[in-house]
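Remarks on the structure that follows.
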Amino acid sequence: MQVAEAIKSWVVEQGLAAGDRLPGEAALIERFGMSKGTIREAMRILEAQGLVKTRTGPGGGSFVHEVSRARAKALLGNYFYFRNLTIGDIYQLRLALEPELVATLAGTLPETVLAQLEANIAEYAAPARTLDEERAQHVASLRFHAILAEQAQNPLLGFVIDFMVNLLSDLTVYRQLYAPPNAQLWARGRDYQARLVMALREGDAGAARAIMKAHMETAWGLMRAQEVEMERRFISE
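Here it is, written out as structure tokens:
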């Protein structure tokens with residue numbers, strides 16, 4: 001682990017970027033003064049972390065690799081897998097961060113992104129008729145927020161919100177929080193999102209912040225009710 005960290009530090013010091021070739025094994029042994037086995041294990045650690053990519057054959061070798069957003073979310077999600085997160089844990093952060101995100105985006109989004117948001121809302125234009133549709137609509141309505149997170153000017157803010165959306169989507173499906181169907185959650189959520197797109201298009205940061213705040217507060221309460229219902233069903237069964 002120490003050698004892996006030393007290699008990472010050296011990569012940063014050298015200004016290497018994704019796709020750049022790393023020195024060969026013999027050069028790494030000489031540079032870090034470690035045995036072949038230690039260097040190989042350090043490289044395996046870095047590859048498991050997604051920071052190094054090894055290719056074989058002509059032109060092969062070890063290369064600096066950029067961790068994808070999807071992989072970073074998956075790895076972080078593993079950390080929370082046994083933490084027994086609640087709906088409240090997630091919405092507490094969403095309520096703090098998402099209103100500020102949309103306030104910064106008001107008046108800055110290109111029409112293509114606004115159209116993408118509207119197309120997403122159109123996917124749940126009518127109440128779900130089955131549990132499968134209800135589940136799909138929950139996931140689609142959360143994707144609306146992931147689209148906004150991708151537009152964040154602050155990459156850390158965007159990643160954290162995107163991660164929470166992904167976590168909530170998984171939690172909703174895993175705990176079946178889409179059952180029973182909740183027409184109020186569908187109607188109010190869709191209305192908030194439609195109004196939010198209007199505020200974003202008009203460049204009204206104050207309205208965008210207020211709408212998202214109300215959206216998060218309402219969704220928190222209604223999703224908590226779904227969570228309580230799920231717990232009641234579990235106990236009765």
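Just so you know, we're using the UniProt record's numbering here: the sequence shown kicks off at 1 and counts up by one.
A virtual CB, placed ideally from N, CA and C, is assigned to each residue, including glycine.
query	result
What is the DSSP secondary structure of S35, reduced to helix, strand or coil?	coil
Give the straight-line distance between the Cα atoms of R195 and R188, rounded to the nearest whole angstrom.	11 Å
What is the DSSP secondary structure of S68, reduced to helix, strand or coil?	coil
Here's a check: name, in chain order, each residue in its chain whose Cβ is nearer than 6 Å to the Cβ of G107, leaving out the five neighbours to either side.	G203
Check R129 in the structure and name its three-state DSSP category.	coil
Output the distance between the C-alpha atoms of P23 and A72, rounded to the nearest integer angstrom.	26 Å
How would you call G158, buried or exposed, if buried means at least 16 neighbouring beta carbons within 10 angstroms?	buried
Following the continuous alpha helix (DSSP H) through T54, name the residue where it begins and the one where it ends.	Here T54 belongs to no alpha helix (DSSP H); instead the beta strand (DSSP E) covers V52 to R55.
Looking only at DSSP bridge pairs, what is F63 linked to?	R21 and K53
Check G203 in the structure and name its three-state DSSP category.	coil
Ordered along the chain, which non-local residues of its own chain (more than five positions away) have a Cβ less than 8 Å from that of F144?	L117, N120, I121 and Q193
Over what stretch of residues does the alpha helix (DSSP H) that includes T104 continue unbroken?	I87 to L105
Give the C-beta separation of A183 and P127 to the nearest angstrom, bearing in mind that I take them to be a contact with Cβ-Cβ under 8 Å.	5 Å
Between which two residues does the alpha helix (DSSP H) holding N120 run?	E111 to A122
Round the Cβ separation of T54 and S62 to the nearest angstrom and send it over; I've been treating them as touching at under 8 Å.	5 Å
Taking 8 Å as the cut-off, is the C-beta of T112 nearer than that to any heavy atom in the ligand HEM?	With respect to small molecules bound, the structure shown includes none, and the ligand HEM cannot be examined in it.
How many angstroms separate the CA atom of Y79 from the CA atom of L85?	11 Å
Measure from the alpha carbon of Y179 to the alpha carbon of each residue in T130, S141, K213 and D170, then state which is nearest.	Before going on, a small fix: residue 179 reads as Ala here, not Tyr. Checking every option, the nearest Cα to that of A179 belongs to T130.
Short of 8 Å in beta carbon distance, which residues of its chain neighbour E150, apart from the five on each side in sequence? Order them along the chain.	G158 and D162
How many angstroms separate the CA atom of G88 from the CA atom of G60?	48 Å
Smallest Cα separation from D216: which of A152, L101, A115 and G15?	Per the sequence shown, the amino acid found at residue 216 is Met instead of Asp. Out of A152, L101, A115 and G15, L101 has the C-alpha closest to the C-alpha of M216.
According to DSSP, simplified to helix, strand and coil, what is F82?	coil
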